[in-house]
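Asker: Sharing a structure, written as C-alpha coordinates. Questions coming.
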Amino acid sequence: MKDLLAPGLRVLFCGINPSLYSAVVGVHFARPGNRFWPSLHASGFTPRRLQPSEQEELLGLGLGITNVVDRATASADMLDAQEYAEGAKSLLRKVKRYRPRYLAVLGLGAYRTAFARPKARFGIQEETLGDTRLWVLPNPSGLNASYQLPDLARLYGELRRAAGTR
1 MKDLLAPGLR VLFCGINPSL YSAVVGVHFA RPGNRFWPSL HASGFTPRRL
51 QPSEQEELLG LGLGITNVVD RATASADMLD AQEYAEGAKS LLRKVKRYRP
101 RYLAVLGLGA YRTAFARPKA RFGIQEETLG DTRLWVLPNP SGLNASYQLP
151 DLARLYGELR RAAGTR
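Residue 38 in the UniProt record's numbering sits at position 38 of the sequence shown; the count goes up by one each step and never skips.
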(Lines of atoms letter the chains of each structure in order from A and count residues from 1; the text may use other names and numbers.)
(Lines give C-alpha, C1' and ligand atoms only; values in the text may rest on other atoms or scores of the structure.)
Protein backbone atom coordinates (compact mmCIF):
# COMPACT_ATOMS: atom_id res chain seq x y z
CA MET A 1 0.00 0.00 0.00
CA LYS A 2 1.43 3.37 -0.99
CA ASP A 3 2.28 5.76 1.84
CA LEU A 4 0.87 9.27 1.81
CA LEU A 5 4.05 11.23 2.60
CA ALA A 6 5.67 14.60 2.04
CA PRO A 7 8.52 16.41 3.79
CA GLY A 8 7.74 18.39 6.95
CA LEU A 9 4.22 17.17 7.74
CA ARG A 10 2.58 18.33 10.96
CA VAL A 11 1.36 14.81 11.68
CA LEU A 12 2.14 11.48 10.08
CA PHE A 13 -0.64 9.09 11.12
CA CYS A 14 0.56 5.50 11.38
CA GLY A 15 -1.97 2.69 11.17
CA ILE A 16 -1.12 -0.80 12.33
CA ASN A 17 -1.37 -2.41 8.88
CA PRO A 18 -3.73 -2.25 5.91
CA SER A 19 -6.96 -4.21 5.94
CA LEU A 20 -7.51 -6.60 3.06
CA TYR A 21 -10.19 -4.21 1.79
CA SER A 22 -7.84 -1.20 1.87
CA ALA A 23 -5.18 -3.21 0.04
CA VAL A 24 -7.64 -4.13 -2.73
CA VAL A 25 -8.93 -0.58 -3.26
CA GLY A 26 -5.51 1.03 -2.63
CA VAL A 27 -6.76 3.57 -0.08
CA HIS A 28 -5.91 3.89 3.62
CA PHE A 29 -8.65 3.31 6.19
CA ALA A 30 -11.08 2.42 3.38
CA ARG A 31 -13.31 -0.02 5.23
CA PRO A 32 -16.77 1.50 5.75
CA GLY A 33 -16.76 0.84 9.52
CA ASN A 34 -13.39 2.49 10.10
CA ARG A 35 -13.68 5.72 12.09
CA PHE A 36 -10.41 7.33 10.99
CA TRP A 37 -12.02 9.82 8.60
CA PRO A 38 -14.88 10.79 10.97
CA SER A 39 -12.34 11.15 13.80
CA LEU A 40 -10.12 13.48 11.76
CA HIS A 41 -13.06 15.74 11.04
CA ALA A 42 -14.63 15.60 14.52
CA SER A 43 -11.26 16.46 16.09
CA GLY A 44 -10.71 19.45 13.80
CA PHE A 45 -7.92 18.07 11.63
CA THR A 46 -10.04 18.39 8.48
CA PRO A 47 -12.57 21.10 7.58
CA ARG A 48 -15.08 18.44 6.47
CA ARG A 49 -15.39 14.68 6.60
CA LEU A 50 -13.20 13.39 3.80
CA GLN A 51 -13.96 10.16 2.01
CA PRO A 52 -11.12 7.63 1.89
CA SER A 53 -10.84 8.27 -1.87
CA GLU A 54 -9.95 11.89 -1.04
CA GLN A 55 -6.91 10.94 1.07
CA GLU A 56 -4.53 13.02 -1.09
CA GLU A 57 -6.19 16.18 0.32
CA LEU A 58 -4.50 15.44 3.64
CA LEU A 59 -1.12 16.45 2.27
CA GLY A 60 -2.37 20.00 1.75
CA LEU A 61 -3.34 20.05 5.43
CA GLY A 62 0.13 18.93 6.53
CA LEU A 63 -1.03 15.38 7.28
CA GLY A 64 0.10 12.00 5.98
CA ILE A 65 -0.51 8.28 6.43
CA THR A 66 1.71 5.22 6.72
CA ASN A 67 1.56 1.88 8.55
CA VAL A 68 3.72 0.07 11.06
CA VAL A 69 3.49 -3.12 8.96
CA ASP A 70 2.89 -3.06 5.22
CA ARG A 71 1.34 -6.54 4.98
CA ALA A 72 -2.44 -6.53 4.63
CA THR A 73 -4.37 -8.91 6.88
CA ALA A 74 -7.96 -9.58 7.89
CA SER A 75 -7.08 -8.37 11.40
CA ALA A 76 -4.00 -7.01 13.16
CA ASP A 77 -3.80 -10.00 15.49
CA MET A 78 -2.42 -11.96 12.51
CA LEU A 79 0.87 -9.99 12.76
CA ASP A 80 3.83 -11.25 14.78
CA ALA A 81 6.38 -9.44 16.94
CA GLN A 82 9.08 -9.71 14.27
CA GLU A 83 6.87 -7.88 11.75
CA TYR A 84 6.28 -5.10 14.28
CA ALA A 85 10.01 -4.81 15.03
CA GLU A 86 10.85 -4.61 11.32
CA GLY A 87 8.04 -2.08 10.90
CA ALA A 88 9.54 0.14 13.60
CA LYS A 89 12.85 0.17 11.72
CA SER A 90 11.05 1.12 8.51
CA LEU A 91 9.18 3.90 10.34
CA LEU A 92 12.46 5.27 11.65
CA ARG A 93 13.81 5.50 8.10
CA LYS A 94 10.64 7.29 6.92
CA VAL A 95 10.72 9.72 9.84
CA LYS A 96 14.40 10.53 9.25
CA ARG A 97 13.70 11.19 5.59
CA TYR A 98 10.42 13.14 5.83
CA ARG A 99 10.79 14.73 9.29
CA PRO A 100 7.15 15.08 10.39
CA ARG A 101 6.57 17.10 13.56
CA TYR A 102 4.57 14.22 15.09
CA LEU A 103 4.27 10.51 14.36
CA ALA A 104 0.88 9.34 15.65
CA VAL A 105 0.74 5.58 16.06
CA LEU A 106 -2.87 4.42 15.94
CA GLY A 107 -2.88 1.51 18.34
CA LEU A 108 -1.41 1.15 21.81
CA GLY A 109 -0.60 -2.54 21.45
CA ALA A 110 1.09 -1.92 18.10
CA TYR A 111 3.20 0.86 19.60
CA ARG A 112 4.15 -1.20 22.65
CA THR A 113 5.21 -4.15 20.49
CA ALA A 114 6.92 -2.27 17.65
CA PHE A 115 8.92 0.05 19.91
CA ALA A 116 9.44 -2.38 22.81
CA ARG A 117 7.62 -0.07 25.24
CA PRO A 118 5.36 -2.45 27.20
CA LYS A 119 4.25 0.23 29.68
CA ALA A 120 3.44 2.99 27.16
CA ARG A 121 0.12 4.81 27.50
CA PHE A 122 -1.97 6.89 25.14
CA GLY A 123 -0.83 10.43 24.39
CA ILE A 124 2.56 12.05 23.98
CA GLN A 125 5.55 9.77 24.59
CA GLU A 126 8.78 10.72 26.32
CA GLU A 127 10.95 9.32 23.55
CA THR A 128 11.33 10.91 20.15
CA LEU A 129 12.55 9.77 16.75
CA GLY A 130 15.09 12.50 16.06
CA ASP A 131 13.10 15.75 16.15
CA THR A 132 9.79 13.91 15.65
CA ARG A 133 7.54 13.61 18.69
CA LEU A 134 5.68 10.33 19.21
CA TRP A 135 1.99 10.25 20.09
CA VAL A 136 -0.15 7.16 20.61
CA LEU A 137 -3.87 7.15 19.84
CA PRO A 138 -6.54 4.46 19.88
CA ASN A 139 -6.95 2.56 16.64
CA PRO A 140 -10.06 3.82 14.79
CA SER A 141 -11.01 0.38 13.46
CA GLY A 142 -14.62 -0.56 13.95
CA LEU A 143 -13.25 -3.68 15.69
CA ASN A 144 -11.99 -1.45 18.52
CA ALA A 145 -15.29 -1.05 20.37
CA SER A 146 -13.57 0.30 23.50
CA TYR A 147 -13.49 3.76 21.96
CA GLN A 148 -16.51 5.40 20.35
CA LEU A 149 -16.37 8.38 17.98
CA PRO A 150 -16.71 11.04 20.74
CA ASP A 151 -13.76 9.44 22.59
CA LEU A 152 -11.68 9.26 19.42
CA ALA A 153 -12.53 12.88 18.53
CA ARG A 154 -11.44 14.07 21.99
CA LEU A 155 -8.15 12.12 21.95
CA TYR A 156 -7.31 13.00 18.34
CA GLY A 157 -8.20 16.61 19.20
CA GLU A 158 -5.50 16.68 21.88
CA LEU A 159 -2.93 15.86 19.20
CA ARG A 160 -4.40 18.44 16.83
CA ARG A 161 -4.04 21.16 19.45
CA ALA A 162 -0.44 20.11 20.18
CA ALA A 163 0.44 19.98 16.47
CA GLY A 164 -1.08 23.38 15.70
CA THR A 165 -4.17 24.44 13.82
CA ARG A 166 -4.81 24.13 10.10
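Even for Gly, the Cβ is constructed at its ideal location relative to N, Cα and C.
Taking 8 Å as the cut-off, decide whether the C-beta atoms of P138 and L149 are in contact.
Answerer: Here residue 138 corresponds to residue number 138 of the sequence shown, with the count starting at 1. Here residue 149 corresponds to residue number 149 of the sequence shown, with the count starting at 1. No, these two residues do not count as a Cβ contact at 8 Å.
Asker: Assign T128 to buried or exposed, taking buried as 16 or more other Cβ atoms, counted over all protein chains shown, within 10 Å of its Cβ.
Answerer: By one-based count along the sequence shown, residue 128 stands at place 128. That one is exposed.
Asker: Which of the three DSSP states, helix, strand or coil, is assigned to Y21?
Answerer: Residue numbering aside, residue 21 sits at position 21 when the sequence shown is read from its first letter. Helix at Y21.
Asker: Just checking: is the beta-carbon of L155 within a distance shorter than 8 Å of some beta-carbon in chain D?
Answerer: Absent from the structure: chain D. Only one protein chain is present.
Asker: In the DSSP output, what is L149 paired with across the bridge?
Answerer: Indexing the sequence shown from 1 puts residue 149 at position 149. Paired residue(s): none; L149 is not in a bridge.
Asker: In the structure shown, what three-state DSSP assignment does A132 receive?
Answerer: Translated into the one-based positions of the sequence shown, residue 132 becomes position 132. According to the sequence provided, residue 132 is Thr. The question's Ala does not apply to it. Note: T132 maps to strand in three-state DSSP.
Asker: Excluding five sequence neighbours on each side, which residues of the same chain lie with their C-beta closer than 7 Å to the C-beta of G44?
Answerer: Within the sequence shown, residue 44 is the residue found at index 44, counting from 1. Excluding sequence neighbours, G44 sits near G157 and R160.
Asker: Taking contact to mean at least 3 C-beta pairs separated by less than 8 Å, is the region 86–103 in contact with the region 63–72?
Answerer: Touching, yes.
Asker: How far does the alpha helix (DSSP H) with A116 in it reach, from first residue to last?
Answerer: By one-based count along the sequence shown, residue 116 stands at place 116. Element bounds for A116: n/a, residue is neither H nor E.
Asker: Would the beta-carbon of V105 fall within 8 Å of that of F122?
Answerer: Here the question's residue 105 lines up with position 105 in the sequence shown. Here the question's residue 122 lines up with position 122 in the sequence shown. The answer is no: Cβ separation not under 8 Å.
Asker: Can you tell me where the beta strand (DSSP E) with V105 in it begins and where it stops?
Answerer: In the sequence shown, counting from the first residue as 1, residue 105 sits at position 105. Unbroken beta strand (DSSP E) run through V105: Y102 to L106.
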